[in-house]
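If you count by the working numbering, then the sequence shown holds residues 44 to 256, one letter each, in order.
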Amino acid sequence: MSLIDIRRIVTQVEDIFHEGGPRATTPLRRGAIAVVMTNPYAGRYEPDILPMMDALQPVGIDMAHRLRAAMDVPVERIQGYGKGAIIGASGELEHGALWHVPGGYAMRELLGWKGDAAAYQRGESGSEQRGNALAIVPSTKKIGAPGTALDVPLTHINASYVRSHFDAMEVRVPGAPKPDEIVYILVMSTGARVHARVGGLAADAIAKWDGLR
């Protein structure tokens with residue numbers, strides 16, 4: 044029996060022109076995609092949940108491509124990303140943690156990361172050091188009732204210390220997750236907060252290309 048049983052896919056795209064200050068010449072675009080699926084481990088403790096991580100890989104890739112298409116911008120315009128999960132009440136947080144590799148790797152692959160996917164999944168040192176999308180994909184997760192909102196963090200795709208891109212997007216799916224479901228989420232953005240002005244490392248000053256600075 045397949046571990047993947049998808050009930051709904053929801054996308055959300057927003058353009059932010061201003062937050063009370065000057066109107067941006069080019070608005071900040073943020074997008075989110077959420078997939079609602081059955082949690083095959085709901086209601087019981089399963090010691091070996093790694094098969095679900097493998098099964099989620101094509102789901103993550105499909106969602107990343109769907110989200111980029113919904114945002115209607117070229118890959119080169121994506122500057123921020125993040126991921127999250129809302130687990131129904133019959134599940135556990137670790138079921139949400141299954142999304143770390145499939146969700147994160149899918150966006151990094153889409154945005155130009157050129158590491159060894161198999162080695163990355165195994166957690167091998169040096170498997171994620173080439174190409175674009177060098178920064179770790181920030182994440183959050185929680186157990187919640189249907190309609191629960193999740194603030195999904197965003198950071199710059201190449202350097203986690205780029206302060207202008209520290210952001211979050213609230214995501215919720217009405218009617219989900221049911222107790223035996225999980226909502227897995229990806230988010231992307233095209234730039235810094237619309238009125239970013241608190242200093243720190245700027246995106247055009249990234250120098251180390253180590254995923255941090």
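Glycine included, each C-beta is placed from N, C-alpha and C at the ideal position.
Given the structure is predicted, the values throughout are model-derived calculations rather than measurements.
Whose C-beta lies closer than 7 Å to the C-beta of residue i among residues of the same chain, with five residues either side of it excluded?
i	result
L110	T54, G74, I76, L229 and M231
E62	V237 and H238
L46	P83, P94, M95 and A98
Have a look at the DSSP bridge pairing and note the partners of residue i.
i	result
A75	Q55 and V230
D194	E213
L110	DSSP, once it has assigned bridges, lists no residue as partnering L110.
I186	I130
Y124	T198 and M231
G254	A202
Keeping to the same chain, check which residues put their C-beta closer than 6 Å to that of residue i; ignore five residues upstream and five downstream.
i	result
R50	V79
Q164	Because Q164 carries a pLDDT of 49, less than 50, the predicted location of this residue cannot be relied on, and no value is offered for it.
I130	H138, G139, I186 and I225
I104	A149
Kindly indicate the opening and closing residues of the beta strand (DSSP E) around residue i.
i	result
V214	D210 to R215
Please return the same chain residues whose Cβ sits closer than 8 Å to the Cβ of residue i, not counting the five positions on each side in sequence.
i	result
L154	V118, I121, Y124, N175, A176 and I200
A113	T54, V56, G74 and I76
L255	A178, A202, S203 and Y204
Report the three-state DSSP secondary structure of residue i (helix, strand or coil).
i	result
A178	coil
A202	strand
S45	coil
G103	helix
A245	coil
Considering just the uninterrupted stretch of the alpha helix (DSSP H) at residue i, what are its terminal residues?
i	result
E137	L136 to A140
V144	H143 to L153
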